[in-house]
Ligand code: UTP
């Protein structure tokens, strides 16, 4: 059938009409986008998620998580952690780990122009998130003699700009061939009533990235899974671009994952309050799963055990270890992850090509989520971490989870490290430490810092401790 015929058969005839009205390059632009559409998939999504009921686990099927490895509190647990750490270091040394930085999102809430990774989060040097994460990769490679290739997930919306930023900064000191960009797919936004695909301009569809679950098919399509196999990589560590605190490829986590024979693992922190907007690791239908905060009924979110602790406490910080085998299984013949709907406000043009700026959410976007791979894993492992050492994301421009809270938490963490090394840190009237930055190439944790402090090092005011000479 012709393109126009296919569109009409799929109930998207308005796009065939829109194409008819265009000429020249504009027509070719829209045609290329239309030809790249998976119309059968869009039809299925419209049927299921626009006209049908959104998928939701029944509340009674959600049970507390099992077997979470807690933060060590006694000597036996500390010994187990040391063993896990050694196992994780061995994986890194053996070149069996690849790091994947998820950076394909649109960062709408932060409202920053450009990829979120280009956000200058650091209080003194103004260094950007990409730089900070790349420095951690460089430090890990040196510390463990690890190959540790870095894959960066981008989307068609930010791929060119992201590559340019890395190139302009000399890949932040990483060998260019060790930084590999993988572009995720996109899906069109549709009208929330009719399911009609929206156009953001007369010659352009309203496309957006297909969610961080898009990582999995994108890795396959880019040949990255084959490349990993050829290089001996068995385990992928995934992390999000907007969490500067995170300990990338923490050996203890990788070691627990490997020793448990897990196919997919997750790091969690204790939720602060029932209403904190954080997904939790739980058991759904007898399998490990992430339950989004919007899908966890209030009654379950607030439920407490006999010690008064939240039963659904295990808030996911969206860090995973995933076996390459599992990714291969999940992407054979298209993705196996379920699609979710998000109702959003999407400015667009109408059938007469007039701009429409809707006051209310008018559209449905479709996304898959990486954490939905969890129930497919034969075995999973969940590791508890201390929030103050691992998690302070930059999601919003102001308020909670914003640049201000991330800077505060980074300052506090750096101050704790320094104080453990016997260096006193001045504090302001509000009790908060002065601004401090410690380059990850100087130290990735307090123990490493103890050996890396310049002799007689003191903190008298805002202090940025750069990389050691030669790093
Ligand atoms: P979020 O879901 O927080 O989205 O992504 P976001 O794009 O950063 O911000 P909002 O929701 O538009 O305000 C969490 C992580 O997943 C990545 C993001 O780049 C971020 O690192 N992500 C998200 C992708 O890589 N692809 C996507 O399609 C969505």
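In the working numbering, the protein residues as written are 52 to 522.
Cβ atoms here follow ideal geometry from the backbone N, Cα and C, with glycine treated the same way.
Given the structure is predicted, the values throughout are model-derived calculations rather than measurements.
Buried or exposed, going by whether 16 or more other CB atoms sit within 10 Å of the CB of residue 407?
So residue 407 ends up on the exposed side.
Residue 79 - containing beta strand (DSSP E), residue span
According to the DSSP assignment, residue 79 belongs to no beta strand (DSSP E) but to the alpha helix (DSSP H) extending over 75-87.
Between the segment 136-156 and the segment 315-326, do three or more beta carbon pairs fall short of 8 Å?
Between the segment 136-156 and the segment 315-326, the count of C-beta pairs closer than 8 Å stays below three; the two stretches do not touch.
Nonlocal neighbours in the same chain, by C-beta distance under 7 Å from residue 486, ignoring five residues either side:
Closer than 7 Å at Cβ, skipping near neighbours: 174, 175, 462, 513.
Could you pull out every unbroken alpha helix (DSSP H) segment of at least 4 residues lying fully inside the segment 329-355, listed in chain order?
Within the segment 329-355, the complete alpha helix (DSSP H) segments at least 4 residues long are 349-353, listed from N- to C-terminus.
Would you kindly check if the distance between the Cβ of residue 394 and the Cβ of residue 243 is under 9 Å?
Pairing residue 243 with residue 394 gives a Cβ-Cβ distance under 9 Å.
Quick one, which of 325, 520, 369, 256 has its alpha-carbon nearest residue 360's?
Considering only alpha carbons, the answer is 325.
Thinking C-alpha only, which one of 140, 139, 166 is nearest residue 51?
One cannot answer for residue 51 here, as it falls past the ends of the chain, which runs 52 to 522.
So if DSSP puts residue 395 in a beta bridge, which residue, or which two residues, is it bridged to?
For residue 395, which the question treats as bridged, DSSP gives the partners 414.
Under 9 Å between C-beta atoms of residue 255 and residue 80:
For residue 255 and residue 80, yes; Cβs fall inside 9 Å.
Can the beta-carbon of residue 266 be found closer than 9 Å to that of residue 375?
No.
Below 7 Å CB to CB, which residues in the same chain sit around residue 230 once its five sequence neighbours on both sides are set aside?
Excluding its 5 nearest sequence neighbours in each direction, residue 230 has C-beta neighbours in its own chain below 7 Å: 201, 203, 217, 222, listed in chain order.
Pair within 9 Å by beta-carbon distance, residue 82 and residue 253
In this structure, residue 253 does not lie closer than 9 Å to residue 82 by Cβ.
On the CB-based measure, 16 or more other CB atoms within 10 Å of its CB, does residue 63 come out buried or exposed?
Of the residues assessed, residue 63 falls on the buried side of the cut-off, its CB having 16 or more other CB atoms within 10 angstroms.
Between the Cα of residue 460 and those of 310, 488, 302, 355, spot the shortest distance and give me the residue it belongs to.
It is 488.
Do you know whose CA, among 69, 149, 92, lies nearest residue 373's CA?
Scanning 69, 149, 92 for the CA closest to the CA of residue 373 turns up 149.
Using 8 Å as the Cβ pair cut-off and three pairs as the minimum, do the segment 291-311 and the segment 413-429 touch?
Output reads no: the segment 413-429 does not touch the segment 291-311.
Sub-9 Å separation of residue 189 and residue 522 beta-carbons:
Pairing residue 189 with residue 522 gives a Cβ-Cβ distance under 9 Å.
Counting pairs of beta carbons, one from the segment 298-314 and one from the segment 422-440, are three or more of them closer than 8 Å?
Touching, per the Cβ criterion.
Does the beta carbon of residue 532 fall short of 8 Å from some heavy atom of the ligand UTP?
Nothing about residue 532 can be reported from this structure: the residues present for the chain run from 52 to 522 only.
Looking only at DSSP bridge pairs, what is residue 279 linked to?
Paired residue(s): none; residue 279 is not in a bridge.
Could you pull out every residue in the same chain whose Cβ sits closer than 7 Å to the Cβ of residue 96, ignoring the five residues on either side in sequence?
Correct list, in chain order: 390, 417.
Does the beta-carbon of residue 139, which I'm using as the reference point, lie nearer than 8 Å to any heavy atom of the ligand UTP?
Flag unset: Cβ of residue 139 not near the ligand UTP.
Check: residue 74 C-beta below 8 Å from any heavy atom of the ligand UTP
Relative to the non-hydrogen atoms of the ligand UTP, the Cβ of residue 74 never comes closer than 8 Å to any of them.
Pull up the distance between the alpha-carbon of residue 135 and that of residue 300, whole angstroms please.
If you take the alpha carbons of residue 135 and residue 300, they lie about 13 Å apart.
Using a beta-carbon distance below 9 Å, is residue 59 in contact with chain B?
Reference to chain B is not applicable here, since this structure consists of a single protein chain.
Where do the ends of the beta strand (DSSP E) carrying residue 151 lie?
Looking at the DSSP string, the run of the beta strand (DSSP E) that includes residue 151 is 148-153.
Near residue 94, which residues of its chain fall below 6 Å by C-beta distance, leaving aside the five closest residues on each side in sequence?
Within the same chain, residue 94 has close Cβ partners 61.
Boundaries of the beta strand (DSSP E) in which residue 321 is found, first to last residue:
Residues 315-321.
Can you tell which of 329, 450, 443, 347 has its C-alpha closest to the C-alpha of residue 335?
Minimum Cα distance to residue 335 is reached at 347.
Grab me the residues of residue 313's own chain with a C-beta within less than 6 Å of its C-beta, minus the 5 sequence neighbours each way, in chain order.
430, 431, 432, listed in sequence order.
Could you give the uninterrupted runs of the beta strand (DSSP E) lying entirely in the segment 431-485, keeping only those of 3 residues or more?
Inside the segment 431-485, DSSP marks whole beta strand (DSSP E) runs of 3 or more residues at positions 431-435, from first to last along the chain.
Would the beta-carbon of residue 168 fall within 9 Å of that of residue 235?
Contact: no.
Does the ligand UTP have even one heavy atom less than 8 Å from the beta-carbon of residue 263?
Yes, the Cβ of residue 263 comes within 8 Å of a heavy atom of the ligand UTP.
For residue 21, three-class secondary structure by DSSP:
With the chain covering 52 to 522 only, the question about residue 21 has no answer from this structure.
Going by beta carbon distance, what residues of the same chain come within less than 8 Å of residue 193, once the five residues before and after it are set aside?
Contacts found: 492, 522.
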